[in-house]
Amino acid sequence: MIPFKKLILTSSASVVFEGVDIKNGTEDLPYAMKPIDYYTETKILQEREVLDANNPDKNFLTTAIRPHGIFGPRDPQLVPILIDAARKGKMKFMIGNGKNLVDFTFVENVVHGHILAAEHLSQDAALGGKAFHITNDEPIPFWTFLSRMLTGLNYEAPKYHIPYWVAYYLAFLFSLLVMVVSPLIQIQPTFTPMRVALAGTFHYYSCEKAKKLFGYRPLVTMDDAVERTVQSFHHLRKGK
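With full-length UniProt numbering applied, the sequence shown covers 1 to 240.
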């Protein structure tokens, strides 16, 4: 028997997110018609192409793993950017009531999901051509997660609230202003409607399909994941 060739794509759960609430979303949700950014738009194109390439008759199997909010020790994005914002006094406010649940995924659990998918794709060709959500399976309020990172490094957590729709429309107006002045001056806005949506809406996803079809269970809990991540950034601790 000729062995199957396999391709496991690292995709993103955000391929279905358009800035409105998603609660326990499944893989059956359609791709976003209005992706939140160019990165997500390319992820959609990439995932479609990879899954369409699945062809058991030619001994080529593909699948896509969709993590969400990857974080972990020495990550160059989430924690350093968060601490930089805190040092500049930009982390005093939270958008919304602070109760919107979001999935964050520890990097070790992401790797575990990829390995399981690769192993089971060999045994069950029926898994080919499908996407699977992989998260910590512990949705957490977005602002609670950020606050734990901040306080773990001796920074104050956000304590003031801006109503979601106030923040959204302010971001919308700012985006219009940027568009108007763009012929005269180039501004790279960070306060955009989609950034507000990411911070103020529910977006968490079901891992039941991965659990059922290839036995996925997170190896590292959220508590342990946050602790290990914070400990790796001791050099960013306030006062250092």
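Glycine residues also receive a C-beta, built at the ideal position from the N, C-alpha and C atoms.
Fair warning: this is a prediction, and the values are worked out from it, not measured in the lab.
Open item on the list: I'd like to know whether the C-beta atoms of T201 and F71 end up nearer to each other than 8 angstroms.
Closed with: no
- [ ] Could you check which residue in S232, L236 and P218 has the C-alpha nearest to that of I115?
- [x] P218
Open item on the list: Do L153 and F233 count as a contact pair if the criterion is CB distance below 8 angstroms?
Closed with: yes
Open item on the list: On the DSSP bridge list, what partners appear for T62?
Closed with: L7
Open item on the list: By the DSSP assignment, the beta strand (DSSP E) with F132 in it spans what residues?
Closed with: K130 to H133
TODO: At 4 residues or longer, and completely inside the region 134–189: list those alpha helix (DSSP H) runs for me, N to C.
DONE: 142–152 and 164–181
Open item on the list: Give me the residue from D57, P193 and S147 with the minimum Cα distance to K34.
Closed with: P193
TODO: Evaluate R66 with the Cβ neighbour count: other Cβ atoms within 10 Å of its Cβ, from every protein chain shown; 16 or more gives buried, anything less gives exposed.
DONE: buried
Task: Same chain only: Cβ atoms within 7 angstroms of V196, ignoring 5 sequence neighbours per side - done: I95, A167, Y168 and A171
Task: Separation of G239 from A64, as counted between CA atoms - done: 42 angstroms
Task: Per-residue DSSP class, three states only, for M33 - done: coil
Task: Beta carbon of T42 nearer than 8 angstroms to that of G69 - done: no
Task: Rounded C-alpha distance that separates C207 from D137 - done: 7 angstroms
Open item on the list: Going by DSSP in three states, G25 sits in which element: helix, strand or coil?
Closed with: strand
Open item on the list: Using C-beta distances below 6 angstroms, list every residue in its chain close to A131, excluding the 5 sequence neighbours before and after it, in chain order.
Closed with: E27, A64 and R66
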